[in-house]
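Residue numbers (our numbering): 324 to 640.
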Amino acid sequence: MKHKIIIDTDPGIDDAMAIAYAVAHPDIELLALTTIFGNVQTHEATRNALALLEHWGVAADVAEGESAPLSMPANEPSYLVHGSNGFGEVDIPASTRTKHALDAADYIIEASKRYPGEITVCAVGPLTNLARLLERDPDVVSRLKAVIVMGGAVHRKGNVTPVAEANFWNDPDAADAVLAARWPLVLAPLDCTMPVVFTPDFMQSVAKENPALGTPLAAMAEFYARFYRSHLGIGGCVPHDVMPLSWLTVPGAFRLQKGALAVVTDGPAIGQTLFQPGGTQSRARCFDGRPDHMVMVDTDPDMFLADYMMVMTRHAG
Ligand code: RIB
Ligand code: CA
Numbered sequence: 324m325k326h327k328i329i330i331d332t333d334p335g336i337d338d339a340m341a342i343a344y345a346v347a348h349p350d351i352e353l354l355a356l357t358t359i360f361g362n363v364q365t366h367e368a369t370r371n372a373l374a375l376l377e378h379w380g381v382a383a384d385v386a387e388g389e390s391a392p393l394s395m396p397a398n399e400p401s402y403l404v405h406g407s408n409g410f411g412e413v414d415i416p417a418s419t420r421t422k423h424a425l426d427a428a429d430y431i432i433e434a435s436k437r438y439p440g441e442i443t444v445c446a447v448g449p450l451t452n453l454a455r456l457l458e459r460d461p462d463v464v465s466r467l468k469a470v471i472v473m474g475g476a477v478h479r480k481g482n483v484t485p486v487a488e489a490n491f492w493n494d495p496d497a498a499d500a501v502l503a504a505r506w507p508l509v510l511a512p513l514d515c516t517m518p519v520v521f522t523p524d525f526m527q528s529v530a531k532e533n534p535a536l537g538t539p540l541a542a543m544a545e546f547y548a549r550f551y552r553s554h555l556g557i558g559g560c561v562p563h564d565v566m567p568l569s570w571l572t573v574p575g576a577f578r579l580q581k582g583a584l585a586v587v588t589d590g591p592a593i594g595q596t597l598f599q600p601g602g603t604q605s606r607a608r609c610f611d612g613r614p615d616h617m618v619m620v621d622t623d624p625d626m627f628l629a630d631y632m633m634v635m636t637r638h639a640g
């Protein structure tokens, strides 16, 4: 049985790495991309999603999401990290297709009614669309197979402030609502993404093994890696957004911890992830009534890298 997935995304270079993996993996059926602001503005994310899917010959739908956070003003997109076009200045031909008539939240509602219990939503941008989804149809929590979120930082520092990770920082109210909901959620924070580095040699190998998917990804990674090298001294780039997909296909590469989660929604620590391990108590009232979720707290980088390379190589035919 293939994994039916919808990726909620702000493409975005590591988003493109995740979309390519979903396209290449024989056990994944990519139903749709739903778009959100973050690395780019929402309309640019829609443009990029349509372009990627047509460039790679994939028939999945694209449904456009919210253009601003639930309540706070939008932050400036991460053009410094992902380039002015979201693809590290790599030119992907514009799509001739159009976005779906439904917006992101309504698309997921309709799809979850069409395939009750079968769809996994992989959210790899700010969580505004998922928060809107919960507002419009609270019963959706029982119709999705899983919600896997790339976001937050549990035992690690943040990447946009000392305590906040970008996706949570870009809409902390939405992130807090999503983590409070009683759906089968797995969180993939920086704790499981930062141990993995796509080096230039690795990306060149991906491009050699799979030119169609790998050549644009390797070119985008060059831009992305310059940011990591100059700001973090890392010899490559971190494929944050692939982790939710890899949890589905190679779960043995990850170590999990269970507990309740919340997000700071104002003040100097805005966007910080708060974690209370399962079975423990504390004076923090923010966890009252919240379910425990699974958190991916570490990754075996060798297992992850071997899987990514194998999937891209096998897909090349
Ligand atoms: O913090 C990393 C996350 O922020 C990734 O999803 C990346 O694409 C950016 O959206
Ligand atoms: Ca992203």
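Ideal Cβ placement from N, Cα and C applies to all residues, glycine included.
Segment limits, alpha helix (DSSP H) that includes residue i
| i | result |
| --- | --- |
| Gln595 | Run containing Gln595: none; DSSP gives neither H nor E here. |
| Pro539 | 534-555 |
| Met517 | From DSSP, Met517 is part of no alpha helix (DSSP H); its letter is neither H nor E. |
| Asp337 | 336-347 |
| Leu373 | 365-378 |
| Leu403 | 402-405 |
Cβ neighbours of residue i in the same chain (closer than 6 Å, five flanking residues each side left out)
| i | result |
| --- | --- |
| Gly481 | Ala487, Glu488 |
| Met526 | Ala541, Ala544 |
| Val565 | Met340, Ala341, Tyr344 |
| Val464 | Ala504, Arg505, Trp506 |
| Ser401 | Asn362 |
Beta-bridge partners of residue i, as assigned by DSSP
| i | result |
| --- | --- |
| Gln599 | Ala583 |
| Thr357 | Asp331, Ala386 |
| Leu508 | Val470 |
| Asp615 | Ala583 |
| Phe627 | Answer is none; Phe627 lacks a bridge partner. |
| Arg578 | Asp621 |
| Glu352 | Lys327 |
Near ligand 2: residue i beta-carbon under 7 Å from a heavy atom
| i | result |
| --- | --- |
| His332 | The sequence given here has Thr at residue 332, not His. At least one heavy atom of ligand 2 is nearer than 7 Å to the Cβ of Thr332, so yes. |
| Asn371 | no |
| Val447 | yes |
| Asp337 | yes |
| Asp564 | yes |
Sequence-distant residues of its chain with Cβ nearer than 8 Å to residue i (five each side left out)
| i | result |
| --- | --- |
| Ala434 | Ile329, Leu354, Ala355, Ile442 |
| Gly532 | Checking the displayed sequence, the identity of residue 532 turns out to be Glu instead of Gly. Once the five neighbours on either side are set aside, the close Cβ partners of Glu532 are Met632, Met635, Thr636, Ala639. |
| Thr572 | His326, His348, Asp350, Ile351, Asp630, Val634 |
Any non-hydrogen atom of ligand 1 closer than 7 Å to residue i Cβ
| i | result |
| --- | --- |
| Glu488 | yes |
| Asn362 | yes |
| His478 | no |
| Ala452 | The residue you asked about is not Ala; residue 452 is Asn in the sequence shown. No, ligand 1 has no heavy atom inside 7 Å of this Cβ. |
| Asn398 | no |
Sequence-distant residues of its chain with Cβ nearer than 7 Å to residue i (five each side left out)
| i | result |
| --- | --- |
| Cys609 | Ala585, Leu597 |
| Gln599 | Gly582, Ala583, Ser605, Ala607, Phe610 |
| Val477 | Pro512, Asp514, Thr596, Phe598, Val618, Val620 |
Residue span of the beta strand (DSSP E) that contains residue i, given as start and end
| i | result |
| --- | --- |
| His563 | Unbroken run through His563: none, as it is neither H nor E. |
Completely contained alpha helix (DSSP H) runs for the stretch 414-500, where each covers 4 or more residues:
427-437, 451-459, 489-492
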